[in-house]
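Peer 1: With my numbering, you'll find the sequence shown wraps up at 507, consecutive numbering, no jumps. All residues carry an ideal CB built from backbone N, CA and C; glycine is no exception.
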Amino acid sequence: MKKYKFIIYLLLTFLALRWGYLYYFSPVGFRSEMLARDYFSNEVVSIPIVLFKAHSQESVPYSAKGYAMQHYKQTVFYSIRSIDWLAQEISLGRWSLGGRKIAEKDMSIKNFADSLILLINVEDKISSFAITKIANSKNGYLFSNMSKQFFDPENPLVYSYLELILPLQFIADKRIHDNVSVCYQATDYLAAAGKEEFMAFYEELNRYQIVAEENGFVLMEDKELGSAQTIYWPVRFIFQEKEGDTSFRIAHINSEEIDNFHF
């Protein structure tokens, strides 16, 4: 009897080790950090945290015509823990950007209902990251640099898309948050806040010129602030209220208007 128990014990030990090995090195398995690529510097931010079901991916989004866009890195993970718990776990001052440790005074976390906004001060300019719930996923979260690509619905080619940072905490539309949907310019998306909150977000980043308009605002590059590589043509945000809901749409300004904007 002892011999059989010993054999069973060895078999169970072997299976446990094999399962643990495969789980650790599998695409979706144990991870000890969250990774995302900074939209502005292209450096990778690393935040230590134990995640038992996660994967970091270097992805290439595609247009409707199959043209590859710019690379980006993000981490998808699954957790039954709350946003508040995640905020406590990642506020230990052990973040790094491009392999360099970030001083605790240069980090901040803003807690919203279903998201965490992480801000890093880099020489008085702000790089932004977010942990957001993945729409239509029970326990799924996405750690990203908050950028999104919008294609021209009439010409979905590589040269016609625009990409920019979005204040995800102020957006309620599932198409922005599901990490799957293709988003288009000149299309209405449901917002959870209005023009003022969106503008305040971009002002805090200190990366762009912002021109206020009656129903929205225009974002432009600011060469002195180093945003020329992230926005090549002025982008207009338009907000509207309908039946108590706020929606927004974005698009490049018309070429006929370009002389009205000095950048």
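#1: Please list the terminal residues of the continuous beta strand (DSSP E) segment that includes residue 348.
#2: To test your reading of the DSSP string, which unbroken alpha helix (DSSP H) runs of 4 or more residues are found completely within the segment 414–439?
#3: I'd like the list of long-range same chain contacts for residue 293, defined as Cβ closer than 7 Å, with 5 residues on each side in sequence excluded.
#4: Could you tell me which of 328, 409 and 376 sits nearest to residue 284, measuring between CA atoms?
#5: Given this structure, state the Cα-to-Cα distance separating residue 346 from residue 371, to the nearest angstrom.
#6: Since residue 435 and residue 490 should fall inside the 8 Å C-beta cutoff, what is the C-beta to C-beta distance between them, to a whole number of angstroms?
#7: Compare the Cα-Cα distances from residue 475 to each of 487, 296, 350 and 462 and report the closest residue.
#8: Please determine, among 287, 319, 437 and 479, the residue with the shortest C-alpha to C-alpha distance to residue 454.
#9: Between the Cα of residue 433 and those of 498, 280, 296 and 485, spot the shortest distance and give me the residue it belongs to.
#10: Between which residues of its own chain and residue 383 is the CB-CB distance below 7 Å, once the five residues before and five after are set aside?
#11: Do you know how far the Cα of residue 362 is from the Cα of residue 502?
#12: Are the beta-carbon atoms belonging to residue 445 and residue 411 less than 8 Å from one another?
#13: Check the DSSP bridge columns for residue 292 and list the partner residues they point to.
#14: Does DSSP classify residue 330 as helix, strand or coil?
#15: Over what stretch of residues does the beta strand (DSSP E) that includes residue 284 continue unbroken?
#16: Can you give the beta carbon distance from residue 386 to residue 394, rounded, assuming they're within the 8 Å contact cut?
#17: Starting from residue 337 and walking both ways along the beta strand (DSSP E), at which residues does that stretch end?
#18: Does residue 446 come out as helix, strand or coil in the three-state DSSP assignment?
#19: Look at the alpha carbon of residue 451 and the alpha carbon of residue 459, and state the distance between them as a whole number of angstroms.
#20: Count the other C-beta atoms from every protein chain shown that fall within 10 angstroms of the C-beta of residue 392, then say buried if there are 16 or more, exposed otherwise.
#21: Within 10 Å of its beta-carbon, does residue 329 have 16 or more other beta-carbons around it, so buried, or fewer, so exposed?
#22: Write down the C-beta distance between residue 359 and residue 413 rounded to the nearest angstrom, noting that I regard them as a contact closer than 8 Å.
#23: What whole-angstrom Cβ distance do residue 373 and residue 355 have, given they're in contact under 8 Å?
Peer 2: Once the coordinates are examined:
#1: Note, residue 348: premise wrong, no beta strand (DSSP E); not H, not E.
#2: 418–421
#3: 277, 278, 333 and 334
#4: 409
#5: 12 Å
#6: 4 Å
#7: 462
#8: 479
#9: 485
#10: 322, 323 and 324
#11: 34 Å
#12: yes
#13: 277
#14: helix
#15: Counting along the chain, residue 284 falls outside any beta strand (DSSP E), and DSSP gives it neither H nor E.
#16: Residue 386 to residue 394, Cβ: 18 Å. No contact.
#17: Note, residue 337: premise wrong, no beta strand (DSSP E); not H, not E.
#18: In this structure, residue 446 counts as helix in the three-state DSSP scheme.
#19: 22 Å
#20: Burial call: buried.
#21: With fewer than 16 other Cβ atoms within 10 Å, it is exposed.
#22: Going by Cβ atoms, the distance from residue 359 to residue 413 rounds to 5 Å, so yes, they are a contact pair.
#23: No, residue 373 and residue 355 are not in contact; Cβ-Cβ is about 14 Å, not under 8 Å.
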